[in-house]
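First comes the structure, then the notes that go with it.
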Amino acid sequence: MRPNLKRGLRLACAAGIAATLAACQDTTRSTQELQGEAQQLVDRSTLTVQDILAYNQNGGEAQRFLRNAKAVLVCPSIFKMGFVIGGSGGGCTLLARGGRGSWSAPAFYHMGSGSVGAQVGIQDAELVLFILTQKGLRAIEDSQFKFGGDASISIATMGAGMEGATTAALRADIVAVSKSKGLYAGLSLQGSILSSNSDYNRAYYNQPVGAVDIVEAMRVNNPGADPLRSALMKFDSVAPPSYRPAAGSGAATDGGQPMQLAPRGSVQTQSLAPLHR
């Protein structure tokens, strides 16, 4: 083989190896960025749980929804703006009730919508959806759910200062409680689309994993979500001693094993232990 040809092949191989290494480094950096973004969403979800549930500490309406909820969807910042044509969006975390007073690790979602109409204003809202039925949980767990698109799913929307309105709301599949600042009188979920954020799920748990595996089977966990789980347990602790998900109700249960971050690869069973109140 000619010297020049050999030299060319060596250079081509070296360039290929360098490109491969660079691609790996970019992937690693991207995963780390996604992990950081997901953790920020979890941290902000913790603050939202504390904010909305503490806001109703006197009346206890939000706590009542929590005590009856099979799961919660927490959206720390649903930003909405409009001038004739409007839209909204934001990240959300989904957690389901487990056995012995615990809550699952979070699955990640994105909520977005577009709307057309006579509207002017800007709004930044905190939102907690209390999912009261298994049917409601199944709908939310789906890879994409459109609010108002399924007539069989009933949704009640309430402001964070509500009083004496829980009786009718408790008959709904999902109750949305919002606390907002801005020019809009209230936050409408009609037409909003909730989509699973598979990139965050994969990065946060170091493996491809879906919402059902995270919140119902409880096969994975990340200790970074413990403060969020603990916050839910704190406000859930006022529940009557007789209230706990009945056996066979479809609520997720845990095996009481020590928590740890699931390894890379296929989904591994990592049961969640109840956090100490």
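Count the sequence shown with mature numbering (1 follows the signal peptide of the UniProt record, and there is no 0) and you get residues -22 to -1, 1 to 255, in order.
Just so it is clear, CB atoms sit at the ideal spot from N, CA and C, and this is done for glycine as well.
Look at the alpha carbon of residue i and the alpha carbon of residue j, and state the distance between them as a whole number of angstroms.
{"i": "L25", "j": "E104", "result": "10 Å"}
{"i": "K124", "j": "R75", "result": "23 Å"}
{"i": "N179", "j": "Q17", "result": "11 Å"}
{"i": "M211", "j": "S130", "result": "30 Å"}
{"i": "V106", "j": "I30", "result": "8 Å"}
{"i": "Q3", "j": "E119", "result": "A caution first: Q3 carries a pLDDT of 43, below 50, which makes its placement in the model unreliable, though a value can still be read off. Going from the Cα of Q3 to the Cα of E119 covers about 33 Å."}
{"i": "L22", "j": "E194", "result": "Just to set this straight, residue 22 is Arg in the shown sequence, not Leu. About 23 Å."}
{"i": "A40", "j": "S170", "result": "22 Å"}
{"i": "F213", "j": "L51", "result": "15 Å"}
{"i": "A185", "j": "D128", "result": "Residue identity differs from the one stated: residue 185 is Gln in this sequence, not Ala. Looking at the two C-alpha atoms, the distance is approximately 31 Å."}
{"i": "S8", "j": "Y183", "result": "14 Å"}
{"i": "R78", "j": "V20", "result": "23 Å"}
{"i": "T71", "j": "A32", "result": "19 Å"}
{"i": "S215", "j": "L73", "result": "16 Å"}
Return the first residue and the last residue of the beta strand (DSSP E) that residue i is part of.
{"i": "S80", "result": "Per DSSP, S80 belongs to no beta strand (DSSP E) and is neither H nor E."}
{"i": "L172", "result": "I171 to S174"}
Classify residue i as helix, strand or coil using the three-state DSSP reduction.
{"i": "A150", "result": "coil"}
{"i": "L72", "result": "strand"}
{"i": "residue 275", "result": "The structure shown does not extend to residue 275, since the chain spans only -22 to 255, so no value can be given for it."}
{"i": "V187", "result": "coil"}
{"i": "S130", "result": "coil"}
{"i": "L107", "result": "strand"}
{"i": "Q10", "result": "helix"}
{"i": "V155", "result": "strand"}
{"i": "F123", "result": "strand"}
{"i": "M89", "result": "strand"}
{"i": "A195", "result": "coil"}
{"i": "L51", "result": "strand"}
{"i": "A32", "result": "helix"}
{"i": "A230", "result": "Legend: pLDDT at A230 = 39, less than 50; position of this residue unreliable, no value from coordinates given."}
How about residue i and residue j: are their beta carbons less than 7 Å apart?
{"i": "V153", "j": "A147", "result": "yes"}
{"i": "A189", "j": "L12", "result": "no"}
{"i": "A209", "j": "Q28", "result": "yes"}
{"i": "I192", "j": "A117", "result": "no"}
{"i": "W81", "j": "R207", "result": "yes"}
{"i": "G38", "j": "I56", "result": "no"}
{"i": "A83", "j": "N199", "result": "yes"}
Leaving aside the five residues before and after residue i along the sequence, list all residues of the same chain whose C-beta is less than 7 Å from its C-beta, in chain order.
{"i": "L167", "result": "F125, I133, T135 and A154"}
{"i": "G202", "result": "Q17 and V20"}
Provide the residue span of the alpha helix (DSSP H) that contains residue i, from first to last.
{"i": "Q41", "result": "E39 to R45"}
For residue i, collect the residues of the same chain with a Cβ closer than 8 Å to its Cβ; drop the 5 residues on either side in sequence, then sort them by chain order.
{"i": "L110", "result": "F43, N46, A47, K48, L148, A150, D151, I152 and V153"}
Could you pull out every residue in the same chain whose Cβ sits closer than 6 Å to the Cβ of residue i, ignoring the five residues on either side in sequence?
{"i": "L172", "result": "Y87, M89 and F123"}
{"i": "L115", "result": "K48, A49 and I109"}
{"i": "K113", "result": "D151"}
{"i": "S121", "result": "S174"}
{"i": "D177", "result": "L12"}
For chain B, check one thing: does any of its Cβ atoms lie closer than 7 Å to the Cβ of residue i?
{"i": "K157", "result": "Absent from the structure is chain B; it holds one protein chain and no more."}
Flag residue i as yes when its Cβ comes closer than 6 Å to any non-hydrogen atom of the ligand COA, and as no otherwise.
{"i": "A16", "result": "Ligands are entirely absent from the displayed structure, and the ligand COA is therefore not among its contents."}
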